[in-house]
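Single-structure report; data block below.
2 protein chains.
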Amino acid sequence: MDPLCVFPDPPPPLLAQTLDLGGYSWKAVGNAAIALQHEPADGWGGAVIACEDDPEGAFSIARSLRRRDNPVEPILVLVSGGQLADLEMREDLFDDFALSPFHPHEVEARLRHLFYKSGQGARPEIVEYGTLVLNLETYQAAIADRPLDLTYMEYELLKFFTTHPGKVFTRETLLSRVWGYEYYGGARTVDVHVRRLRAKLGEEHAGLIQTVRSVGYRFGQSRWQGHKAT
Amino acid sequence: MDPLCVFPDPPPPLLAQTLDLGGYSWKAVGNAAIALQHEPADGWGGAVIACEDDPEGAFSIARSLRRRDNPVEPILVLVSGGQLADLEMREDLFDDFALSPFHPHEVEARLRHLFYKSGQGARPEIVEYGTLVLNLETYQAAIADRPLDLTYMEYELLKFFTTHPGKVFTRETLLSRVWGYEYYGGARTVDVHVRRLRAKLGEEHAGLIQTVRSVGYRFGQSRWQGHKAT
DNA sequence: CCCCTATGTGAACGCTCTGTGAACCAGCCC
DNA sequence: GGGCTGGTTCACAGAGCGTTCACATAGGGG
Chain F
1 MDPLCVFPDP PPPLLAQTLD LGGYSWKAVG NAAIALQHEP ADGWGGAVIA
51 CEDDPEGAFS IARSLRRRDN PVEPILVLVS GGQLADLEMR EDLFDDFALS
101 PFHPHEVEAR LRHLFYKSGQ GARPEIVEYG TLVLNLETYQ AAIADRPLDL
151 TYMEYELLKF FTTHPGKVFT RETLLSRVWG YEYYGGARTV DVHVRRLRAK
201 LGEEHAGLIQ TVRSVGYRFG QSRWQGHKAT
Chain S
231 MDPLCVFPDP PPPLLAQTLD LGGYSWKAVG NAAIALQHEP ADGWGGAVIA
281 CEDDPEGAFS IARSLRRRDN PVEPILVLVS GGQLADLEMR EDLFDDFALS
331 PFHPHEVEAR LRHLFYKSGQ GARPEIVEYG TLVLNLETYQ AAIADRPLDL
381 TYMEYELLKF FTTHPGKVFT RETLLSRVWG YEYYGGARTV DVHVRRLRAK
431 LGEEHAGLIQ TVRSVGYRFG QSRWQGHKAT
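Here the protein sequences come in this chain order: F and S.
For the first sequence, position 79 (counting from the first letter as 1) is numbered 79 according to the numbering used here, and the numbering increases by one without interruption.
For the second sequence, position 84 (counting from the first letter as 1) is numbered 314 according to the numbering used here, and the numbering increases by one without interruption.
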């Protein structure tokens, strides 16, 4: 999961502790500019914004995270009792709020519920193998939370591999299953695509696609390969 | 607005008073059967369920209101601090919760926010995505507070995109879903409309519609859903 | 240790897809 | 009817990307 954007910097100690105990990764930011600057490549996983001390700065951050092309979701704001009325004019800037001082269990429950809802909204078709994730609806892929920029054929090949882990395929089989049954082309085409896939997977994951000499390629760990360390 | 379904009967005095002061009409029910029996013709306008005294009965009501063809929304539950953990297994039964004893202003703010959000969902006259706002009643659109002068087809295409963010659609799918199922025309039509949309969105927002080569188009930043939030 | 074959690698070629400008055509209003 | 608005189609250019080739390297059997 992508880290949460937390305001202010440093955040209230109890908030930091609650997030840590809840197992969330997060990064504190002091203003909207820093929030944009430190944003992960595929966006913040959400935001927790404490408004008590600097409500103006807090809502300005919320606004900058929300009112843009790829809005951050979910956003939880922490407010004091006296600030409750201020929320009314800013309903669109947050998804949930908690009264400060808060009980850690309440904030934890709110975050859990927010992520439940945002995950529930549109459950995409996902193919997973280890840290590798393929989103079939958006044609996007990521490994170890790092987005992969794949071309169409690379994506199709990786999808085929991921959905048939551990099995060895000859180049001819791959050509017919991935490229199409009537495809007639050189077998070296497969080699080149495998090479590019390995490169994009990164050195540490290149071993996911193994060469089986004189036969073809295999994806993932073979079942009998228990004696060999990676 | 349709009356709210409130549990238990009679509700805690402070809850009744809060609802009255907030201007909500409501009706107390003692169990799921009575809730169904007294339901208005067009359904409950929402529900507020206090779980402190009879959690079993409370969640059974929530279940019966939610797990059916026309689920009641929104549902706010009131729980004691010790019941927070019980919520985890029932994330789908409520939209928001408040800790009891509660401050009237907090419950008021939560109800207001719930209705604000469900107002978005239930009333289809406004569609929002980031700074992009579509008014379905007036056929007007704006991005970053700048009005967009869209033609009919441009508007329909943008509306379809905005209501299905993150997903990739082939040109054929777009033709059938936006233009009509029986439409038979060139796929390049989609390209041209996408181009004009991008132009009218402005250079800074043109990236909202992304090209997925050999596949089609995708709107908005696809969020990496699919990881578990826990 | 040598040789042959299979695979990795870098680069170049050429096809396909997309962006773009412009023309064409069908309603519609004055 | 004539101009106007807006949807569709066409032609062309550019870029992306799949394919192929040539060469380097590794692996394995004799």
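C-beta atoms are modelled at their ideal positions from N, C-alpha and C, and glycine is treated no differently.
Just so it is clear, the structure is predicted and the values come from calculations on it, not from any experiment.
- For secondary structure counted as the alpha helix (DSSP H) over 4 or more consecutive residues, the region 28 to 58 of chain F holds these complete runs in sequence order: 32 to 37.
- Neighbours of S/V442 in chain F, taken as residues whose beta carbon is under 7 angstroms from its own, are Y139 in chain order.
- Taking a beta-carbon distance threshold of 8 angstroms, S/V302 does not count as an interface residue toward chain F.
- Sequence-distant partners of S/G360 (beyond 5 residues in either direction) whose C-beta falls short of 7 angstroms from its own C-beta are missing from its chain.
- For S/D326, DSSP records a beta bridge to S/L306.
- Ranked by Cα distance from S/E282, the first of S/H335, S/N365, S/P242 is S/P242.
- The C-alpha of F/P74 is placed about 14 angstroms away from the C-alpha of F/F7.
- Taking a Cβ-Cβ cut-off of 8 angstroms, the neighbours of F/R68 in chain S comprise G360, T361, given in sequence order.
- Considering only F/A32, F/L78, F/S60, the residue with the shortest C-alpha distance to F/L111 is F/L78.
- The criterion of a C-beta distance shorter than 8 angstroms is not satisfied by F/R171 and F/V192.
- Ranking F/F59, F/A47, F/T151 by CA distance to the CA of F/A199 puts F/T151 first.
- Assignment of beta-bridge partners to F/P147 by DSSP yields F/A142.
- Here DSSP, grouped into helix, strand and coil, assigns S/T361 to coil.
- Judged by their CB atoms, S/I356 and S/F391 are not nearer to each other than the 8 angstroms cut-off.
- Closest in C-alpha terms to S/D325, from the list F/S80, F/S100, F/K117, F/M89, comes F/K117.
- When the beta-carbon positions are compared, F/L65 and F/A35 come within less than 8 angstroms of each other.
- Within the DSSP secondary-structure output, S/F449 pairs in a beta bridge with S/I439.
- Distance check between F/G45 and each of F/K27, F/A85, F/P55, F/S60 places F/K27 closest, using alpha-carbon atoms only.
- Per the coordinates, the alpha-carbon of F/S60 lies some 39 angstroms from the alpha-carbon of S/T403.
- For S/G311, the chain F residues whose Cβ falls inside 8 angstroms of its Cβ are H103, H105, E106, in order along the chain.
- The beta carbons of S/L431 and S/I373 sit about 6 angstroms from each other, so the pair counts as a contact at 8 angstroms.
- The residue from F/E88, F/G81, F/Q37 with its alpha-carbon nearest to that of F/P101 is F/G81.
- Beta-bridge pairing by DSSP links S/I356 to S/N365.
- Straight-line spacing of the CA atoms in S/P395 and F/N70 works out to 10 angstroms.
- In terms of Cα proximity to F/G22, the closest of F/Q37, F/A41, F/M1, F/V29 is F/M1.
- At a Cβ-Cβ threshold of 8 angstroms, F/L114 and F/F97 do not count as neighbours.
- Look at S/F399 here: in three-state DSSP terms it is strand.
- S/A339 and S/A277 have their C-alpha atoms some 15 angstroms from each other.
- Contact residues of the region 28 to 60 of chain F toward chain S are D42, G43 (C-beta to C-beta distance below 7 angstroms).
- Look at the region 413 to 433 of chain S: it has no residue with a C-beta under 8 angstroms from a C-beta of chain F.
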